[in-house]
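Taking this note's numbering as reference, the numbering of the sequence shown is continuous, increasing by one, and the terminal residue is 390. First comes the structure, then the notes that go with it.
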Amino acid sequence: MREVVIVDAVRSPIGKRNGGLSGKHANELLGDVLLGLLRRNNLSGAEVDHVVGGCVGQLGMQAANVTRNAWLAAGLPLEVPAVTVNAQCGSSQEAALMAHAQIASGLADIVIAAGVEVMSHVPLGANMPPGGPYGNPRGGRYAKVHEPTIQFEGADRIAEQWSLKRDELDAYAKSSQDRAARAWDEGRFDSQIIPIEVAAPDGTVVVTRDEALRPTTLDGLAGLKPVQPDRTPESFHTAGNSSQIADGAGAVLLMSRQRADQLGLRPRARLIDSILVGSDPVLMLTGPIPATAKVLGLTKFTLADLDVIEINEAFASVVLAWAKEYGADLDRVNVNGGAISLGHPVGATGSILITKAVHELERSHGRYGLITMCCGGGLGTATVIERL
Numbered sequence: 003m004r005e006v007v008i009v010d011a012v013r014s015p016i017g018k019r020n021g022g023l024s025g026k027h028a029n030e031l032l033g034d035v036l037l038g039l040l041r042r043n044n045l046s047g048a049e050v051d052h053v054v055g056g057c058v059g060q061l062g063m064q065a066a067n068v069t070r071n072a073w074l075a076a077g078l079p080l081e082v083p084a085v086t087v088n089a090q091c092g093s094s095q096e097a098a099l100m101a102h103a104q105i106a107s108g109l110a111d112i113v114i115a116a117g118v119e120v121m122s123h124v125p126l127g128a129n130m131p132p133g134g135p136y137g138n139p140r141g142g143r144y145a146k147v148h149e150p151t152i153q154f155e156g157a158d159r160i161a162e163q164w165s166l167k168r169d170e171l172d173a174y175a176k177s178s179q180d181r182a183a184r185a186w187d188e189g190r191f192d193s194q195i196i197p198i199e200v201a202a203p204d205g206t207v208v209v210t211r212d213e214a215l216r217p218t219t220l221d222g223l224a225g226l227k228p229v230q231p232d233r234t235p236e237s238f239h240t241a242g243n244s245s246q247i248a249d250g251a252g253a254v255l256l257m258s259r260q261r262a263d264q265l266g267l268r269p270r271a272r273l274i275d276s277i278l279v280g281s282d283p284v285l286m287l288t289g290p291i292p293a294t295a296k297v298l299g300l301t302k303f304t305l306a307d308l309d310v311i312e313i314n315e316a317f318a319s320v321v322l323a324w325a326k327e328y329g330a331d332l333d334r335v336n337v338n339g340g341a342i343s344l345g346h347p348v349g350a351t352g353s354i355l356i357t358k359a360v361h362e363l364e365r366s367h368g369r370y371g372l373i374t375m376c377c378g379g380g381l382g383t384a385t386v387i388e389r390l
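Spelled out as structure tokens, the structure:
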């Protein structure tokens with residue numbers, strides 16, 4: 003197996019719903035990020051063997067292989083192939099796994115793993131309306147085998163099963179907001195952002211910062227209505243302690259070590275291992291627990307070996323249940339905030355988390371990082387990287 007390295011990792015700012023990026027077509031948003039990644043590394047795009055992108059809502063502006071359309075819309079070489087994958091929220095982290103496999107096996111030398119989601123225009127679930135003309139995605143035999151649940155139901159059941167209280171979830175949510183605000187105040191995201199130009203009625207607006215951050219107090223969080231107010235015995239999750247609907251894109255430039263050396267490009271990190279696991283589809287969001295166990299077993303690491311941990315904040319209970327399961331030190335987890343404070347453009351979040359981990363390892367002089375996500379339908383992703 004060949005050594006696989008990350009030469010660069012970038013992301014757009016994350017736009018809040020109907021915010022600064024909502025006027026951008028998904029092809030153009032991802033295309034701008036891909037162009038920015040290539041230009042930062044003095045590449046034309048012709049050097050790339052393959053592009054793998056993640057996207058969940060593959061209809062409308064995100065249909066018909068959005069990754070390929072973004073590449074072409076950016077004016078990049080038509081000879082370079084691109085595909086779009088869907089592993090729900092883990093889509094672009096799965097794209098990185100596929101890139102890792104292609105390079106390690108010798109099928110490719112340079113692969114870009116990317117992702118995009120413009121949720122302002124393609125809402126979550128838009129491609130699977132209940133009772134639609136094409137049928138229910140979990141109809142037929144599925145319901146006889148597994149109880150169909152929505153993600154909020156899964157998140158609330160996780161809170162119950164791991165004995166988490168509403169005030170614990172709210173405290174974690176406030177911490178996420180505080181950490182993200184500190185990260186921006188200290189310029190921690192500056193090195194990873196590709197500014198995005200968006201057409202506006204009076205000219206062009208350039209979006210340079212994440213938009214979803216908001217001043218947060220525990221009293222304010224406590225006053226928010228649960229998303230499932232009629233649930234018994236209790237509903238735990240609100241708009242304040244759940245991930246925010248958002249728009250965004252990310253891209254990671256991966257190469258064999260030999261090819262990076264040939265091009266004179268300095269690797270920033272090494273991909274040690276990448277996995278995707280199945281997990282309980284009813285609880286739905288516990289995937290990071292078995293994914294972490296499996297990747298630590300494969301790498302022979304312990305949690306104490308990891309300096310930076312990015313676990314997607316789909317809901318506060320996801321992170322806190324994982325932390326309880328492992329006795330994790332939250333001082334090393336999502337140190338610059340997560341999806342509760344920054345937003346969760348679902349198909350893009352995996353590449354965004356990898357980007358955040360690479361840059362934070364460099365900033366903090368850490369060595370090893372873990373990126374893990376829960377995914378709708380009961381999946382978990384995990385990637386371990388080493389700063390070089």
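Just so it is clear, CB atoms sit at the ideal spot from N, CA and C, and this is done for glycine as well.
By how many angstroms is the C-alpha of Asn129 removed from the C-alpha of Ile311? To locate residue 311, count along the sequence shown from 1; it is residue 309. To locate residue 129, count along the sequence shown from 1; it is residue 127. Near 32 Å, if we compare the C-alpha coordinates of Asn129 and Ile311.
Is it buried or exposed, Leu363, if we count other Cβ atoms within 10 angstroms and call 16 or more buried? In the sequence shown, residue 363 corresponds to position 361, counting from 1. Of the other Cβ atoms in all chains shown, 16 or more fall within 10 Å of the Cβ of Leu363; this residue is therefore buried.
When burial is assigned at 16 or more other CB atoms within 10 Å of the CB, is Asp359 buried or exposed? Taking the first residue of the sequence shown as position 1, residue 359 is located at position 357. This sequence places Ala at residue 359; Asp is not what is there. A buried status is given to Ala359, since no fewer than 16 other beta-carbon atoms sit within 10 Å of its beta-carbon.
Alpha carbon to alpha carbon, how far is Val68 from Glu155? Position 66 of the sequence shown holds residue 68. Position 153 of the sequence shown holds residue 155. If you draw a straight line from the Cα of Val68 to the Cα of Glu155, it is about 30 Å long.
Considering only the beta carbon of each residue, do Val118 and Met100 sit closer than 8 Å? Residue mapping note: residue 118 aligns to position 116 of the sequence shown, counting from 1. Residue mapping note: residue 100 aligns to position 98 of the sequence shown, counting from 1. If you check the CB distance, Val118 and Met100 do not come in under 8 Å.
Candidates Asp333, Leu322, Ile387 and Leu390, of which the one nearest Lys167 by Cα: Stepping through the sequence shown from its first residue, residue 167 is reached at position 165. Closest in alpha carbon position to Lys167, among Asp333, Leu322, Ile387 and Leu390, is Leu322.
Let me check understanding here. Comparing Cα to Cα, which of Ile342, Gly349 and Ser366 lies closest to Glu213? What you label residue 213 is simply residue 211 of the sequence shown in a count that begins at 1. Closest in C-alpha terms to Glu213, from the list Ile342, Gly349 and Ser366, comes Ile342.
Give me the Cβ distance between His52 and Ser276, rounded to the nearest whole Å; I'm assuming they're in contact under 8 Å. Translated into positions along the sequence shown, residue 52 becomes position 50. Translated into positions along the sequence shown, residue 276 becomes position 274. Between Ser276 and His52 the Cβ distance is about 16 Å, and since that is not below 8 Å, they are no contact.
In its own chain, which residues sit with a C-beta less than 7 Å from the C-beta of Gly280, not counting the 5 before and 5 after it? Along the sequence shown, read from residue 1 onward, the residue named residue 280 stands at position 278. Gly380 and Leu381.
Beta-carbon separation of Asp309 and Gly371 under 8 Å? Start at 1 with the first residue of the sequence shown, and residue 309 comes out as number 307. Start at 1 with the first residue of the sequence shown, and residue 371 comes out as number 369. Contact: yes.
Since Ala325 is in the alpha helix (DSSP H), which residue starts that stretch and which ends it? To locate residue 325, count along the sequence shown from 1; it is residue 323. Going by DSSP, Ala325 is part of the alpha helix (DSSP H) stretching over Ala318 to Tyr328.
Thinking just about the alpha-carbon of each residue, which of Trp324, Ser178, Asn336 and Leu45 is nearest to the one in Ile160? Mapped onto the sequence shown, residue 160 falls at position 158. Selected option, being the one with the closest Cα: Trp324.
Would you report the Cα separation of Gly59 and Ala66, rounded to the nearest angstrom? Taking the sequence shown and counting its residues from 1, one reaches residue 59 at position 57. Taking the sequence shown and counting its residues from 1, one reaches residue 66 at position 64. Answer to the nearest angstrom: the Cα atoms are 11 Å apart.
Near Glu30, which residues of its chain fall below 7 Å by C-beta distance, leaving aside the five closest residues on each side in sequence? Taking the first residue of the sequence shown as 1, we reach residue 30 at position 28. Cβ neighbours of Glu30 within its own chain (closer than 7 Å, five residues either side excluded): Ala75.
Can you check whether the CB of Ala202 is closer than 8 Å to the CB of Ala318? By one-based count along the sequence shown, residue 318 stands at place 316. By one-based count along the sequence shown, residue 202 stands at place 200. Annotated as distal: Ala318 and Ala202, with beta-carbon spacing of 8 Å or more.
Based on DSSP bridge pairs, tell me the residues matched to Cys91. Taking the sequence shown and counting its residues from 1, one reaches residue 91 at position 89. Secondary-structure assignment with DSSP links Cys91 through a beta bridge to Ala89.
Can you tell me whether Lys18 is helix, strand or coil according to DSSP? As a position in the sequence shown, residue 18 is number 16, starting the count at 1. Assigned with DSSP and collapsed to three states, Lys18 falls in strand.
With a Cβ-Cβ cutoff of 8 Å, do Val82 and Gly47 count as a contact? Against the sequence shown, residue 82 aligns to sequence position 80. Against the sequence shown, residue 47 aligns to sequence position 45. A contact, by the Cβ cut-off of 8 Å.
Tell me the rounded alpha-carbon separation between Trp164 and Leu300. Numbered from 1 along the sequence shown, position 162 holds the residue referred to as residue 164. Numbered from 1 along the sequence shown, position 298 holds the residue referred to as residue 300. C-alpha separation (whole angstroms): 26 Å.
Going by Cα to Cα distance, which pick from Arg4, Thr218 and Gly108 is closest to Ala173? Within the sequence shown, residue 173 is the residue found at index 171, counting from 1. The residue with the shortest Cα to Cα distance from Ala173 is Thr218.
Ser276 lies in the alpha helix (DSSP H); which residues open and close that run? Within the sequence shown, residue 276 is the residue found at index 274, counting from 1. Per DSSP, Ser276 belongs to no alpha helix (DSSP H); it is in the beta strand (DSSP E), Ala271 to Gly280.
Within 8 Å, strictly: CB atoms of Leu408 and Ala251: Any property of residue 408 remains undetermined from this structure, which presents the chain solely from 3 to 390.
So, do the region 381-390 and the region 286-295 have three or more beta carbon pairs nearer to each other than 8 Å? The region 381-390 makes contact with the region 286-295: 3 or more CB pairs, one atom from each, lie closer than 8 Å.
Roughly how many whole angstroms lie between the Cα atoms of Asp192 and Ile152? Reading the sequence shown from its first residue, position 190 is the one you call residue 192. Reading the sequence shown from its first residue, position 150 is the one you call residue 152. Their backbone Cα atoms lie some 36 Å apart in a straight line.
One question on the structure: do Val200 and Leu23 come within less than 8 Å of each other, judged by their Cβ atoms? Taking the sequence shown and counting its residues from 1, one reaches residue 200 at position 198. Taking the sequence shown and counting its residues from 1, one reaches residue 23 at position 21. Yes.
Tell me the rounded alpha-carbon separation between Leu278 and Glu96. Mapped onto the sequence shown, residue 278 falls at position 276. Mapped onto the sequence shown, residue 96 falls at position 94. Straight-line measurement puts the Cα of Glu96 at about 7 Å from the Cα of Leu278.
Quick one: residues in its chain with C-beta nearer than 6 Å to the C-beta of Leu78, no 5 flanking neighbours on either side, listed in chain order? Your numbering for residue 78 matches position 76 in the sequence shown. Once the five neighbours on either side are set aside, the close Cβ partners of Leu78 are Gly47.
Check each candidate in Val7, Ser107, Ala72 and Glu162 and name the one with the smallest Cα separation from Ser237. Numbered from its first residue, the sequence shown carries residue 237 at position 235. Scanning Val7, Ser107, Ala72 and Glu162 for the CA closest to the CA of Ser237 turns up Glu162.
Which of the three DSSP states, helix, strand or coil, is assigned to Ser46? Position 44 of the sequence shown holds residue 46. Annotated three-state conformation of Ser46 is coil, per DSSP.
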